[in-house]
Amino acid sequence: MRLLRRITLLPLLVGVYSCVNPEINVDPNKSTNMTHENVMAYAILHGVGDDYDIWRGNLIYGEQFIQHLSSTSKSWAGNYYTYNEEYMSAFWERIYRECTNNLEIISSELKGDGVDKNANKLAVIQVLQVWNYHRLADFYGPIPYSEAGKAETAQNFTPRYDDVKDIYLGNEEKGIVGLLTQLEQAQKVLSNPGTDETFIEGDLFFTGELSRWNLFCNSLMLRLALRVSDKAPDVARKYIQKAFDGGVIMENSDNVFLNHTTDNSRYMNPVARVFFNYGGVSGHLFRYSDTFINTLKNYTDEVDPRLAFLAGVYNPDEKYFEDTQNYYGLPNGLETNEMTDLSEELDFDDKFEEGIGVYGFAQPHRKNLVHYTAPTIVFHAAESKFLLAEAVLKGLLSNGKDANTYYREGIKKGMELMEDYNPEAAIPNSMIDNYLSHVPDLGTNSSMGLEGSLDEIQTQKWISLLLNGYESYAEWRRTHYPSIVTKNQVKHPDNRSNGKIPGRVMYPSREQGTNAKGYQSGIQYLESGENDFVSDLWWAKDHH
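Note that the numbering used here gives residue 638 to position 490 of the sequence shown, counting from 1, and the numbers run on in steps of one.
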């Protein structure tokens, strides 16, 4: 199904690259090449990410913090909770520079042309901006939000940083419209659009299907409502019910994703570019964390069938070893000599081939998962199911199914999702059903030291969010589940967070010079009063 929605990006974006790129001294407002469709496509493409920011922010920090991945190099700072300015700044620079600022410009122009006339387009932009800003705020904490992107439209070059609570819930006194309110406003339009007028060529997600944007809007509302559920349960209850009643993503056919092509390297899957374009197996340095592999092996008395789909062992020449019984992950935070010693202790020379060393640790499957035309999944049905399971568990949703049903449906949807990555290797329904028959009902799984229903829901959600380090990292901080992640935090002596998963990543240091006033307004909201790793965000469970 996803192949039917593939969009050829190159002809559409040539003009945008020549006029939006901030490295080029061109005023985008005066360009004759750029259209709103161009900007929309450009913003979606870069909101999904390219290999620069995906490699640094998502994989090196998010995915290693959350123990989906580990690495064989101490250079990948997230594996040790250490500081790297370039890696931490990449996501900030990409989203503000390429996405939020450009969307703000076309939003301002559309409003000037008539709010009612352009209501659908403005609602679509609202949803995209919520998606961008919630990820930024979840990663960094207080950020430029209510005044952000106003350099062209309001000549504001030094926006204040807003508190995370205000970003989510709003603050009328400060004139801040919160993310949940923004989604509520967008929902009113998208649930009952007055016309069909919207973005078409520039809509790389849905090619103008407003009903799909409504599903995305509601699903984001569900995600963000659960994010605040421990701090503002009444607010969460209101928006969870509103999202559910409006309709959220329940089937993989409704997932939000970006297809990728091999027409041009820019439009290949960005994770694949990391795994293939910089030295291949020898260059990317990532392995699966043993936390992730152990969970796939030990969540029940039956091995998760996703193990064979998601993981592989490859030697430096890309020879593939397919015996999953011999797959092991690499613990996070080891010294190089400890990795080598462990590979010898696990007898990889006999299991695979002589001299394979640390290549014997399992890594993402190169044909099934991290290939050039794999989709980038933004929001999938499994996430909705797990969010609904939690909402029912907490008594925050009426008229839904029971939590156990949503939980089991989430596992099933997560397994069926593999077909979108590689239909030829899709997990058969019989195998999915067999695995589910071994999964205990919610709240009764005693394997791996699981700590009850929420731990089980979050552990399965964590599996389904593989390669989405930003969301996985936020969800762990909110709940401290999966408990198996909490129990394996890195104690390496170089860590900068007292041996605990960091509460946030640091602002780019250049912000102190380019927006000193705004930067200081952000620092004042952080628990530590410093730009460091050890402040918990407003919605997060206490940790530091």
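By construction, the Cβ of each residue, glycine as well, lies at the ideal position given by its N, Cα and C atoms.
Quick caveat, the model's predicted, so the values are computed rather than measured.
Counting only the same chain and skipping the five closest in sequence on each side, list residues whose C-beta sits under 6 Å from that of residue i.
i, result
"H519", "A420"
"S612", "A530, G562"
"Y555", "A537, L590, I605"
"L338", "A271, L358, W361, N362, C365"
"P656", "S237, W240"
"N147", "Residue numbering for the chain in the displayed model covers 149 to 692; residue 147 lies beyond these limits and cannot be assessed."
"D198", "P418"
"V506", "T220, M487, S491"
"I155", "At I155 the pLDDT is 44, less than 50, meaning the model places this residue with poor confidence and gives no usable figure here."
"P341", "N268, L358"
"S601", "L541, L590, G591"
"S676", "V682, S683"
"L455", "L444, T472"
"K689", "H628"
"S645", "Y229, F681, V682"
Compute the beta-carbon to beta-carbon distance between residue i and residue j, rounded to the nearest angstrom, for a pair I have assumed lies under 8 Å.
i, j, result
"A510", "Y475", "4 Å"
"Q215", "S437", "4 Å"
"G617", "E211", "4 Å"
"G481", "T439", "Not confirmed; about 11 Å, so no contact."
"H528", "F457", "That belief does not hold up - the Cβ atoms of H528 and F457 are roughly 15 Å apart, past 8 Å."
"F405", "I525", "5 Å"
"T607", "P630", "4 Å"
"A334", "Q274", "4 Å"
"L258", "N266", "4 Å"
"M144", "Y293", "Limits of the chain in this structure are 149 at one end and 692 at the other, which puts residue 144 out of reach."
"L433", "W224", "6 Å"
"G195", "L276", "7 Å"
"M596", "Y447", "7 Å"
"I559", "M566", "Actually they do not touch by this definition, with Cβ atoms about 12 Å apart."
"G226", "F213", "5 Å"
"L207", "R435", "Going by Cβ atoms, the distance from L207 to R435 rounds to 12 Å, so no, they are not a contact pair."
"V376", "W687", "5 Å"
Determine the closest residue to residue i out of the options, with distance taken between C-alpha atoms.
i, options, result
"A299", "G323, D310, L284, T248", "T248"
"E659", "Q277, K269, P641, R308", "R308"
"E501", "P464, K533, E486", "P464"
"I243", "Y200, N227, I575", "Y200"
"N643", "S631, A191, G205, Y209", "Y209"
"R283", "A380, S620, L363", "S620"
"D402", "Y415, L370, R360", "R360"
"N442", "P479, G427, V429", "P479"
"Y504", "S532, V429, S578, Y228", "In the sequence as displayed, the identity of residue 504 is Ile instead of Tyr. Checking every option, the nearest Cα to that of I504 belongs to V429."
"M398", "A573, A574, L535, W687", "L535"
"Q568", "A688, N400, V461, H640", "The displayed chain sequence assigns Asp, not Gln, to residue 568. Answer by Cα proximity: N400."
"Y468", "K515, E557, T409", "K515"
"P695", "Y228, A189, I202, K336", "A question about residue 695 goes unanswered here, because the residues of the chain that appear run from 149 up to 692."
"E557", "N577, N570, P571", "N577"
"K609", "L598, T410, E623", "E623"
By Cβ distance, which residues of its chain are closer than 7 Å to residue i, with the 5 residues on each side in sequence left out?
i, result
"V162", "Low per-residue confidence applies at V162: pLDDT is 39, beneath 50, and the placement is therefore not dependable, though the value from the model is reported in the following sentence. For V162, where only same-chain residues beyond five positions count, there are no Cβ hits under 7 Å."
"V278", "L327, Q330, L331, L368"
"S532", "S367, L370, V396, I397, M398"
"V422", "D199, I202, W203, L207, H432"
"N173", "Bear in mind that the predicted position of N173 carries a pLDDT of just 32, short of 50, making it unreliable; the figure below should be weighed with that in mind. There are no such residues."
Can you give me the start and stop residues for the beta strand (DSSP E) that residue i sits inside?
i, result
"V526", "524 to 527"
"F405", "404 to 406"
"Y462", "459 to 462"
"Y436", "434 to 436"
Counting only the same chain and skipping the five closest in sequence on each side, list residues whose C-beta sits under 8 Å from that of residue i.
i, result
"N177", "Low per-residue confidence applies at N177: pLDDT is 42, beneath 50, and the placement is therefore not dependable, though the value from the model is reported in the following sentence. Excluding positions up to five away in sequence, the list reads I253, E300."
"H691", "R625, H628, K648, I649, G651, D684"
"N169", "A caution first: N169 carries a pLDDT of 34, below 50, which makes its placement in the model too unreliable to give a value."
"T180", "In this predicted model, T180 has a pLDDT of only 42, less than 50, meaning its place in the structure is not dependable; the value taken from the coordinates is given anyway. If we look at T180 and ignore the five residues flanking it on each side, it has no Cβ neighbours."
"E171", "Residue placement at E171 is flagged as unreliable, the pLDDT there being 33, under the threshold of 50; a coordinate-derived value is accordingly withheld."
"I96", "The structure shown does not extend to residue 96, since the chain is modelled only from 149 through 692, so no value can be given for it."
"D550", "V540"
In the DSSP assignment, find the unbroken alpha helix (DSSP H) run with residue i in it and report its ends.
i, result
"Y629", "Y629 -> no alpha helix (DSSP H), and no H or E assigned at all."
"G661", "659 to 662"
"G558", "551 to 564"
"L217", "From DSSP, L217 is part of no alpha helix (DSSP H) but of the beta strand (DSSP E) over 217 to 219."
"R371", "358 to 375"
"R242", "233 to 243"
"S491", "484 to 493"
"D603", "601 to 612"
Across the segment 450 to 459 and the segment 581 to 595, are there enough close Cβ pairs to call them in contact, namely three or more that are closer than 8 Å? Segment contact: the segment 450 to 459 against the segment 581 to 595, three or more CB-CB distances shorter than 8 Å; contact assigned.
Pairs of beta-carbons, one from the segment 285 to 304 and one from the segment 382 to 397, closer than 8 Å: are there three or more? Too few Cβ pairs lie closer than 8 Å, so no.
Do the segment 535 to 545 and the segment 377 to 393 meet, that is, are 3 or more Cβ pairs less than 8 Å apart? Under the 8 Å Cβ criterion, the segment 535 to 545 counts as touching the segment 377 to 393, having at least three qualifying pairs.
Count Cβ pairs between the segment 336 to 355 and the segment 182 to 194 that sit closer than 8 Å; are there 3 or more? Yes: the two stretches touch, three or more of their Cβ pairs being nearer than 8 Å.
If you pair each beta-carbon of the segment 669 to 683 with each one of the segment 625 to 637, do three or more pairs fall below 8 Å? The segment 625 to 637 and the segment 669 to 683 do not touch, with fewer than three beta-carbon pairs separated by less than 8 Å.
Evaluate the contact criterion for the segment 225 to 244 versus the segment 272 to 288: three or more CB pairs, one atom per stretch, below 8 Å. Taking a cut-off of 8 Å on C-beta distances, the segment 225 to 244 touches the segment 272 to 288, as three or more cross pairs fall below it.
When you compare the segment 360 to 376 with the segment 307 to 321, are there three or more beta-carbon pairs, one atom per stretch, that lie closer than 8 Å? The way I'd put it, the segment 360 to 376 does touch the segment 307 to 321; three or more beta-carbon pairs between them come closer than 8 Å.
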